[in-house]
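Have a look at the structure below before the remarks.
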Amino acid sequence: MAAATPRLFQNGQIASAGAKELRAADVLVDENGEIVAVGVGLEVPSGAEVIDCRGCVLVPGMFDVNVHAREPGQEHKETLATCSAAALRGGVTGVVLMPDTAPPIDTGNLVKSAMDLVAELSAIPMWQAGCLTKGREGKEMAGFSGMASRGVPMLTDADRSVPCPDLLRRCMEYARDFDLLVTSHCDTPPLSKAGSINEGPVSYRFGLPGIPAISQEIAIDRDIRVAQHTGAKLHLQQISTARGLKSVQCAKEAGTPVTCEVSPHHLVLTEQDIRDYNTHFKFNPPLRPAADVEALIEGFIDGSIDVLASAHAPHTEFEKSSDFGSAPFGAAGLETAVPVMFDRFISKGIFGWDLLIERYSAAPRRLVGLNPVAIEEGTKAQFFVFDPEGETPVTRETMKTKSPVSPFLGKTLAGKVRGTALGVAWHSQE
Amino acid sequence: MSELKPRKDLLDIEGLELPEIEYVLSNAVPFKQLFQRSVKKVPTLRGKTVLNLFYEPSTRTSSSFEVAANRMSADVTNFTVSSSSVVKGESLLDTIETLQAMRSDYIVIRHQAAGVPNIVASHTGASVINAGDGYHAHPTQALLDAMTFREVYPDYQGRKMVIVGDVLHSRVARSTSTLFNKLGIEVGVLGPGTLIPPGRHDFIRRFRSWDEVFEWKPDAVYLLRVQLERQEGMFFPSIAEYHKMYGMNTERLVRMRQIGAYLMHPGPVNRGVEITDEAMRYERSLISTQVENGIAVRMAVLHWLKPETDTD
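These protein sequence lines are chains D and H, in that order. Numbered per my numbering, the first sequence spans residues 155 to 584. Numbered per my numbering, the second sequence spans residues 568 to 879.
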């Protein structure tokens, strides 16, 4: 890998955000990691490595705006190295790191330290998000200007809502001057309390305290209204209910600069999929009823939902082996996002690669002020080779994350990322 | 009825099939007759060990299982874990390893977290009997309730019972209503809107007042224990108001007599809260019968389950 050679990706089909149809072409990446030629029947340059892509799709690298890499501070769950390996297995070539590490990233200096770690340890580009409030405690504003000068892509208290509406308002007013995106995890703690599963017949059957839909919906409504009042740019994480989505749609119709994301598990799983108190299905926001999932799929297709994000939140198998109520929320998601979306939607013709690329590659990059990537001459190689006839087994042995905890564990998903090209590197998954 | 597939654990009522329920309930009858004899023991489980593992204090249920196991001639170990010492330190998996080392044939477990008996059951060959987990299930309570109801109503099918109180947080209400429904006994609930589960429970009829209940003419009224420590003014304004609205008092006792309804309660009762002293002396109270039947049903459950612990 060090002594780079040109690479020719031969006989593949190129996907892009703008085109419904795939385009047959070879792609030549030179020894500097740049795409120098895209076309049919390209000649093989001398010394070039040829990667046979017959039957495969070449897809622009995905970008995930909701990732918990756990380093620094919780390296027993995940590290920047294992996180980036998982990303590459899933065709993800860039991520935004949530600031809920230990310590939480709430100053410019901490952002710098975090980015130094990324430069040293990660195989993919990563952007460190900063906290909205000091220590994510929801009491005082964090050091916005220092973090802004270090290039944070967004401010968020990651998995925590700012409890006080007045503080949220001041944060939004202050962030506006730095043109910083405010990202909200929407939750109303007095309503979600000890809950661990969607409140309704399923929580009743399991005898578990529930998290009501209004816990997220009220926070969505509140944060939208505060954003409208302050003029801040707002991004809402992990929309999970039809009613919550409706609020976002209304705000968009009113011209509010608000965006929202959904996670793959909220698009393909319902609360009914939770069996035998399996804590790998414990998420916050929780898995919801089928009617909500249907509304989210519709919103994902029609564009009311802007972005797909994995909410990659690994916890060790041991941590997840406790009882459902006590186990932590979240699971690994980076390496399953693309195969899950292919398996459930693209392979069934529900939508095409163009839509997935828009929601998981182009829109998330635009959200944080980056240019979308495409497989075009004159750009840095940043794409993956996907075999629609392949299979992705989700097992403890195959997963690259440090904590193989996933609701898809034990399943074999249709399609497979054969490898990811990132600059001069070719990260083969075979 | 002879062709029951062997079952290792009793975790909840939902998973039970009617012939299994019938098997346990009919076997409990001869076990109960045994209590009239001077020698109340049978040798069925001689040489077997029963571990009573209680993470929540419950003298009643734990004693009931202990007596049942003793009368089956099993060796019983009681292991009560005060919840404070469990909060930190030993994890559930560590506990399960410890249990494995004890080589018990039956593990009776009560835990404050829903689903813990399921986890234990999937890690051990011992038969796990759920003695109450969080808000989830209390299957032996449901079975003893059914036995008690069927004793007074041999023609139990099509009869009606109303459950009164904190249905939302009650594992007893969950398990008992599910079992009664399976047996063809109609169940209704009465309680404040804050303590009735939200959403769709087709087989459960909801009442808003005692007047509505008495109009329905239930064959039994099942009072739930008010969990005083849980309330904190979030679910109803005061104990006095609860007693006034939902308690069994003198006036309601008159109407109970008019319709000939029996009174049930899983114990222990809060006198003056869900029930008055006078109501405790109601001639159609089945509360002590429930306790007695609890032992018989638990013997029948121990007799029925098949541990996978035999190595020779």
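Built from N, CA and C at the ideal position, the CB exists for glycine as well.
Exercise. Which residues does DSSP pair with A179(D) in a beta bridge?
Worked result: G166(D)
Exercise. In the region 365–414 of chain D, which residue ranges form an unbroken beta strand (DSSP E) of at least 3 residues, counting only runs that do not cross its ends?
Worked result: 388–391
Problem set entry | Assigned exposure category for E415(D) - 16 Cβ within 10 Å defines buried | buried
Exercise. Is the beta carbon of D260(D) sitting closer than 8 Å to the one on G245(D)?
Worked result: no
For this session: Measure the Cβ-Cβ separation of A568(D) and F496(D) and say whether it is below 8 Å.
Result: yes
For this session: For Q603(H), count neighbouring Cβ atoms within 10 angstroms of its own Cβ and tell me buried if that reaches 16, exposed if not.
Result: exposed
Problem set entry | Neighbour flag for S744(H) against chain D, beta carbons, 8 Å | no
Exercise. Listing by chain order, which chain D residues have their CB less than 8 Å from the CB of A680(H)?
Worked result: D477, F478, G479, S480
Exercise. Beta strand (DSSP E) containing N220(D): first to last residue?
Worked result: 216–221
Exercise. From this set, L251(D), S170(D), T233(D), G248(D), which residue's C-alpha is nearest V211(D)'s C-alpha?
Worked result: S170(D)
For this session: Report the three-state DSSP secondary structure of T628(H) (helix, strand or coil).
Result: helix
Problem set entry | Through-space distance from H736(H) to A680(H), alpha-carbon basis | 12 Å
For this session: On the DSSP bridge assignment, give the partners of F537(D) in chain order.
Result: P214(D), A575(D)
For this session: My understanding is that L830(H) touches L795(H), with C-beta atoms under 8 Å, so please give their C-beta distance in whole angstroms.
Result: Contact doesn't hold; Cβ gap of about 21 Å is too wide.
For this session: Compute the Euclidean distance between the alpha carbons of A828(H) and R848(H), then round it to the nearest angstrom.
Result: 14 Å
Exercise. Quick one: what does DSSP say K474(D) is sitting in, helix, strand or coil?
Worked result: helix
Problem set entry | Of the listed residues I529(D), C340(D), R161(D), nearest to G172(D) (C-alpha basis) | I529(D)
Exercise. From Q403(D), T247(D), A296(D), K293(D), pick the residue whose C-alpha is nearest to that of W281(D); which is it?
Worked result: T247(D)
Problem set entry | Interface positions of the region 419–441 of chain D facing chain H (Cβ-Cβ less than 7 Å), listed along the chain | D430, Y431
Problem set entry | Own chain partners of V190(D) with C-beta closer than 6 Å, once the 5 adjacent residues on each side are dropped | L182, D184
Problem set entry | Interface flag, G349(D) vs chain H, CB-CB below 8 Å | no
Problem set entry | Listed by chain order, chain D residues near S658(H) by CB distance under 7 Å | S476
Exercise. So, does the CB of R613(H) fall closer than 8 Å to a CB anywhere in chain D?
Worked result: no
Exercise. At a cut of 8 Å, does the region 603–621 of chain H reach the region 721–741 of chain H through at least three beta carbon pairs?
Worked result: no
Exercise. Looking at C-alpha atoms only, which residue of T552(D), E584(D), S476(D), L488(D) is the closest neighbour of L660(H)?
Worked result: S476(D)
Problem set entry | Through-space distance from K474(D) to V596(H), alpha-carbon basis | 43 Å
Exercise. At what residues does the alpha helix (DSSP H) containing Q600(H) begin and finish?
Worked result: 585–601
For this session: List the whole-angstrom C-beta distance separating T413(D) from D460(D), where the pair is believed to meet the contact cut-off of C-beta under 8 Å.
Result: 4 Å
Exercise. Near V780(H), which residues of its chain fall below 6 Å by C-beta distance, leaving aside the five closest residues on each side in sequence?
Worked result: V729, L757, F774
Exercise. If we count Cβ pairs, one from each stretch, closer than 8 Å, do we get three or more for the region 854–868 of chain H versus the region 634–650 of chain H?
Worked result: yes
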